[in-house]
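Chemist:
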Amino acid sequence: MGTRISLPFKTNWMDPTFGVPLRQPYAGSVPRRASIGGSVDRWFYPSEIANDLQGVDLPAHFIGETLACAWEYARCVIPEYTNWTRYIAFTRIIVVGIVAEFRGSLVDIMASSHVLGYDLDALLATVFGGTPIHEAMAREFRAFVLITADKTSARRHDSELFHRCVNAIAAGPRTWFRLRDCDALARFSVGAALACNDHDDTWFSEPELEVLTELCDTMYDAVAYYKHRAKGEINSTFAYAGADLRAAAWLTLGNPETEIVIDQARQNFKLWNRVDGAAVAEQGNVAWSPAAAERYADAVGRSDSLMFEGLAELLEASETGSCGTCQYKGSYGSEIKGQAEWQSYIQGFPARAAEVFPSLSQQPLVVPVDE
-16 MGTRISLPFK TNWMDPTFGV PLRQPYAGSV PRRASIGGSV DRWFYPSEIA
34 NDLQGVDLPA HFIGETLACA WEYARCVIPE YTNWTRYIAF TRIIVVGIVA
84 EFRGSLVDIM ASSHVLGYDL DALLATVFGG TPIHEAMARE FRAFVLITAD
134 KTSARRHDSE LFHRCVNAIA AGPRTWFRLR DCDALARFSV GAALACNDHD
184 DTWFSEPELE VLTELCDTMY DAVAYYKHRA KGEINSTFAY AGADLRAAAW
234 LTLGNPETEI VIDQARQNFK LWNRVDGAAV AEQGNVAWSP AAAERYADAV
284 GRSDSLMFEG LAELLEASET GSCGTCQYKG SYGSEIKGQA EWQSYIQGFP
334 ARAAEVFPSL SQQPLVVPVD E
């Protein structure tokens, strides 16, 4: 990974600017919605992005919160950087991703790479240009936007693309973790972190990425468990592997969702989006409109730019569910019945990790033991 980089300033996590020198002014306060009691949030982000999203069909408070959320995301996943230009471009890419996650109707990557006032191709080139992973990371992010925007827009109810994607989840835990990797932008953020620190020639093998992203996604899904339930999120490891694997006697994370929280998610409070379940569909009996079928065929035909390698083949094999015991839903997700396979796979992570990273076998990972 290279040597540790020393910054000319100290990072203070209690500082809402995350330690970035205030060379230029940051945004001020933006009123919350009245339904939250009239209180005020203060959004912090660099002046470089202060005028972004102008003209986008979003209320001002959503714009401010989106920019602040993107900046906080960037500071959390890439706390140190050496290339400010790349770092700002990465933050803007995350702005696109955040909007796709709660207002997918505004982001149609199939129509144009110019979305929300950004040239997405140019942003991706700024971050990854000159690196060997430029094309792969561009495809990774476009695949994320392609699927996520369908999930959070009215297209979800007539999207053969999204339907096949949720069917693919039940194909097995390894397939799931590759899909979750893309949805969580796990390897994408790893690649961006290296690029933003000018490690242009450093990368991992596919087996190494599988281990690293599975670890990242499982840890995050443990933290976000109740958030995911409140959102009706299909992309949650413990929705399929079983919540008992998440529990630890010495640690409690989050509070169970309430009807109030669920309703707030429907209103995009904190930029969440609620994906309500549709009726269970009989396997093979989902009829798509001609427009939905054409859109799916177009996406697969352009998979060399819109999808990560192997995704098109996975979708093509997922017209109907592959599991005889799972329930498949027309526009929501799959209810996994065979949790034993998933639990066994996850519990086997230490052995799989040690196989890919042999040094781990000398210092085994500690795993919980059933009492």
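Heads up, the sequence shown is in my numbering, so the first residue is -16 and it goes up one at a time. Positions of the beta carbon are idealized from the N, C-alpha and C atoms, including for glycine.
1. Using 7 Å as the threshold, is the C-beta distance between LEU107 and ALA121 below it?
2. Given TRP325, which residues of its chain have a CB within under 6 Å of its CB, disregarding the five upstream and five downstream residues?
3. Whose C-alpha, out of ASN251, HIS182 and THR49, is nearest the C-alpha of LYS210?
4. Is it buried or exposed, ASN150, if we count other Cβ atoms within 10 angstroms and call 16 or more buried?
5. CB-CB under 7 Å to THR220, same chain, minus the five flanking residues each way: which ones, in chain order?
6. Could you compute how far the alpha carbon of GLU189 sits from the alpha carbon of GLN37?
7. Using the beta-carbon count (16 or more within 10 Å), is THR135 buried or exposed?
8. With a CB to CB cut of under 8 Å and the five nearest residues on each side skipped, what residues in its chain are close to ALA336?
9. CB PHE291 to CB GLU143, shorter than 7 Å?
10. In terms of alpha-carbon separation, which member of ALA53, GLU118 and VAL60 lies closest to ALA176?
11. Using only the alpha-carbon positions, how far apart do ASN358 and VAL173 sit?
12. Given that a residue counts as buried once 16 or more other Cβ atoms are within 10 Å of its Cβ, and exposed if not, what is THR241?
13. Are the beta-carbon atoms of ALA178 and VAL110 separated by less than 7 Å?
14. Within 10 angstroms of its Cβ, does ASN256 collect 16 or more other Cβ (buried), or is it exposed?
15. Please report the residue range of the alpha helix (DSSP H) in which ASN150 lies.
16. Less than 7 Å between the C-beta atoms of VAL90 and VAL78, yes or no?
17. Which class does VAL194 belong to by DSSP, given the choice of helix, strand or coil?
18. Are the beta-carbon atoms of VAL39 and LEU129 separated by less than 7 Å?
19. Here's the rule: buried if 16 or more other CB atoms are within 10 angstroms of the residue's CB, otherwise exposed. What is GLY80?
20. Could you tell me the distance, in whole angstroms, from the CA atom of GLY(-15) to the CA atom of CYS148?
21. Kindly indicate which residue of ASN238, ALA282, ARG229 and ALA274 has the alpha-carbon position closest to the one of MET93.
22. Within 10 angstroms of the Cβ of ARG161, are there 16 or more other Cβ atoms? Answer buried if so, exposed if not.
23. Sort VAL206, SER95, GLU302 and LYS253 by Cα distance to GLU84 and report the nearest one.
24. Short of 7 Å in beta carbon distance, which residues of its chain neighbour LEU192, apart from the five on each side in sequence? Order them along the chain.
25. May I ask which residues mark the beginning and end of the alpha helix (DSSP H) holding ALA33?
Modeler: According to the structure data:
1. yes
2. PRO156, TYR223 and ALA224
3. ASN251
4. buried
5. ARG163, ASP200, THR201 and ASP204
6. 39 Å
7. buried
8. VAL194, LEU198, LEU343 and LEU348
9. no
10. VAL60
11. Residue 358 falls outside the range modelled here, since the chain spans only -16 to 354, and no answer is possible.
12. exposed
13. yes
14. buried
15. 143 to 152
16. no
17. helix
18. no
19. buried
20. At GLY(-15) the pLDDT is 37, less than 50, meaning the model places this residue with poor confidence; the figure from the coordinates comes in the next sentence. Computed Cα separation, rounded: 37 Å.
21. ALA282
22. buried
23. LYS253
24. ARG170
25. Counting along the chain, ALA33 falls outside any alpha helix (DSSP H), and DSSP gives it neither H nor E.
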